[in-house]
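Notes to accompany the following structure.
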Amino acid sequence: MEQRQMRVSVRNLVEFILREGDIDNRHGGPGVDQEAMLAGGRIHRKIQGGKGSNYQAEVSLKGVFPREGYDLIVEGRADGIMTEADGTVTVDEIKGVYRDIHQMEKPDKLHLAQAKCYAYLYGVQENREQMRVQMTYVNLETEEIRYFREDFSMEVLEPWMQALAEAYGKWTDFQIAWEETRNASARALTFPFSYRKGQRELAVSVYRTISRRKRLFIQAPTGVGKTMSVVFPAVKAFGEGLGEKLFYLTARTVTAQAARDAFAILQKQGLRLKRVFLTAKEKICPLEEPQCDPEHCPYARGHYDRVNEAVYTFLQNQDYGGREELLDWAEQYQVCPFAFSLDVSSFADAVVGDYNYAFSPTARLKRFFGEGMKGDYIFSHR
2 MEQRQMRVSV
12 RNLVEFILRE
22 GDIDNRHGGP
32 GVDQEAMLAG
42 GRIHRKIQGG
52 KGSNYQAEVS
62 LKGVFPREGY
72 DLIVEGRADG
82 IMTEADGTVT
92 VDEIKGVYRD
102 IHQMEKPDKL
112 HLAQAKCYAY
122 LYGVQENREQ
132 MRVQMTYVNL
142 ETEEIRYFRE
152 DFSMEVLEPW
162 MQALAEAYGK
172 WTDFQIAWEE
182 TRNASARALT
192 FPFSYRKGQR
202 ELAVSVYRTI
212 SRRKRLFIQA
222 PTGVGKTMSV
232 VFPAVKAFGE
242 GLGEKLFYLT
252 ARTVTAQAAR
262 DAFAILQKQG
272 LRLKRVFLTA
282 KEKICPLEEP
292 QCDPEHCPYA
302 RGHYDRVNEA
312 VYTFLQNQDY
322 GGREELLDWA
332 EQYQVCPFAF
342 SLDVSSFADA
352 VVGDYNYAFS
362 PTARLKRFFG
372 EGMKGDYIFS
382 HR
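Shown next as structure tokens:
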């Protein structure tokens, strides 16, 4: 039997495990982030195109870290790999920024960690003893470039990378164990009511659509029981390994409430399902007006130092995360409730929220729907 695999990108691994400090949006936001992403892509291509024949751009790398019962796969693409005449191999990590690069004393901790991951993965692949890391910072307005270079032996990179994978393994261990619990409860589930006219056919159609990875458009009169006819087969699909996450997207509060009620009914029947109901930042923020920086918000101050523990203990103790539950937990750990809810959603089985979280270019959740992101998702739009 083929070994089970759990995958994480280098960037997500680093940003999740090594993050620390404050939330500070004073120098960013959706519009700025979108602009920086577009400008950064152009700068990446320009720098890569100007390198010599010894420069390989966008090199795919992968590492396998065995764990009990499964393999943790860490993968990503290095911006560039350079091989010098003397045999020195350099991993190049390019970052486009708006800050004054001449004021930088050293590379950003998370940026450097990404590059070190790529250096380790390449070093293992090519049986290297030594690797060089080059951080290439480019000002997106002036296109000025500044380099930071550092050499690492594989003797140093090996334990560092193993510790990083071990820290993330705590989370994948939880996911593996939880999926077994969730799937067993889903398989044992039976439809909670007597079927109304047309309801069984609708539920069967939804399940068949999920299993075939197709789209289904439903038009049915009020009173048929559309919500349960969608939620129940989606949950049953989980039990057969046909999806990793359900997104129930709606623009109406009453429809979101119908989904909440449907999940609650199935939970009373024995279903174990981690579900989170996302609330807009303005509606879940404890402040009168969201000001996401450490100067104005005590929840932003040191948020990243506390949030991973908050998320892990929440997942260990809660299956349901509505607005009040998320606020209570965020208050207990003094973390931003909105950012906390997004992190919980990463590990939830079902996410209920506004259409914009999936379809808006500026509001969509990058962790699920950003460029290059993909997942085995089930969608319900109402």
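Under the numbering used here, think of the first position of the sequence shown as 2, with each following residue one higher. Ideal Cβ positions, reconstructed from N, Cα and C, are used throughout, including at glycine.
From the options, residue whose alpha carbon lies closest to that of residue i
i: Val-277; options: Ile-82, Leu-327, Glu-310, Ser-195; result: Leu-327
i: Asn-184; options: Phe-192, Gly-271, Val-98, Glu-142; result: Gly-271
i: Leu-203; options: Ile-177, Glu-181, Val-232, Trp-179; result: Val-232
i: Glu-325; options: Phe-341, Tyr-313, Val-90, Gln-317; result: Phe-341
i: Ser-347; options: Lys-215, Val-336, Lys-246, Phe-192; result: Lys-246
i: Ala-116; options: Arg-133, Leu-343, Tyr-71; result: Arg-133
i: Lys-110; options: Gly-199, Ala-364, Ser-195, Lys-96; result: Lys-96
i: Glu-145; options: Ile-102, Gln-220, Phe-339; result: Ile-102
i: Arg-365; options: Leu-279, Ile-219, Gly-323, Asp-294; result: Leu-279
i: Glu-181; options: Phe-239, Asp-355, Leu-14; result: Phe-239
i: Gln-317; options: Phe-175, Asp-25, Ala-301, Leu-288; result: Phe-175
i: Arg-214; options: Leu-141, Ala-235, Glu-106; result: Ala-235
i: Pro-67; options: Ile-44, Glu-151, Lys-171; result: Lys-171
i: Glu-142; options: Tyr-208, Ile-211, Arg-43, Ala-351; result: Arg-43
i: Pro-299; options: Thr-210, Cys-286, His-112, Ala-221; result: Cys-286
i: Gly-224; options: Tyr-334, Val-205, Gln-200; result: Gln-200
i: Thr-84; options: Asn-357, Asp-355, Leu-217, Val-60; result: Val-60
i: Leu-14; options: Leu-165, Thr-254, Arg-273, Leu-250; result: Leu-165
i: Tyr-334; options: Glu-310, Asn-140, Ala-349, Leu-343; result: Glu-310
i: Val-157; options: Glu-283, Ala-114, Ala-221, Ala-265; result: Ala-114
i: Pro-338; options: Gly-323, His-297, Gln-220; result: Gly-323
Beta carbon of residue i nearer than 7 Å to that of residue j
i: Gln-6; j: Ile-74; result: yes
i: Tyr-305; j: Glu-21; result: yes
i: Ala-260; j: Val-353; result: yes
i: Tyr-378; j: Phe-248; result: yes
i: Gln-57; j: Ile-82; result: yes
i: Arg-307; j: Val-345; result: no
i: Ala-263; j: Met-229; result: yes
i: Arg-197; j: Gly-226; result: yes
i: Tyr-148; j: Gln-131; result: no
i: Tyr-138; j: Val-92; result: no
i: Asp-80; j: Glu-94; result: yes
i: Ser-10; j: Gly-77; result: yes
i: Asp-320; j: Lys-275; result: yes
i: Ile-18; j: Tyr-169; result: yes
i: Asp-25; j: Arg-302; result: no
i: Ala-359; j: Leu-250; result: yes
i: Asp-72; j: Gln-4; result: yes
Local conformation of residue i per DSSP, three classes
i: Arg-214; result: coil
i: Gly-77; result: strand
i: Ala-235; result: helix
i: Val-33; result: The pLDDT assigned to Val-33 is 41, lower than 50, so where the model puts this residue is not dependable; a value taken from the coordinates is nonetheless given after this. Val-33 falls in the helix class under three-state DSSP.
i: Ala-221; result: coil
i: Tyr-56; result: strand
i: Ser-195; result: coil
i: Asn-26; result: coil
i: Arg-365; result: coil
i: Gln-163; result: helix
i: Gly-51; result: coil
i: Gly-322; result: strand
i: Ala-189; result: coil
i: Leu-14; result: helix
i: Leu-328; result: helix
i: Glu-19; result: Note on residue identity: the sequence assigns Leu, not Glu, to residue 19. Leu-19: coil per DSSP, three-state reduction.
i: Glu-3; result: coil
i: Gln-333; result: helix
i: Gly-170; result: helix
Per DSSP, the bridge partner or partners of residue i
i: Tyr-305; result: In DSSP, Tyr-305 forms no bridge with anything.
i: Phe-153; result: Met-132
i: Ser-61; result: Arg-78
i: His-45; result: DSSP lists no partner for His-45.
i: Val-352; result: Phe-248, Val-277
i: Phe-380; result: Phe-248
i: Ile-146; result: Val-139
i: Arg-8; result: Ile-74
Short CB-CB distance (under 7 Å) between residue i and chain C
i: Gly-224; result: In the structure shown, chain C does not exist; there is a single protein chain.
Original post:
Unbroken alpha helix (DSSP H) runs of length 4 or more, entirely within the segment 238-299: which are they?
Top reply: Correct list: 254-269, 282-285.
Original post:
What are the complete beta strand (DSSP E) segments, minimum 3 residues, inside the segment 65-128?
Top reply: DSSP runs (the beta strand (DSSP E)) wholly in the segment 65-128: 71-84, 90-98.
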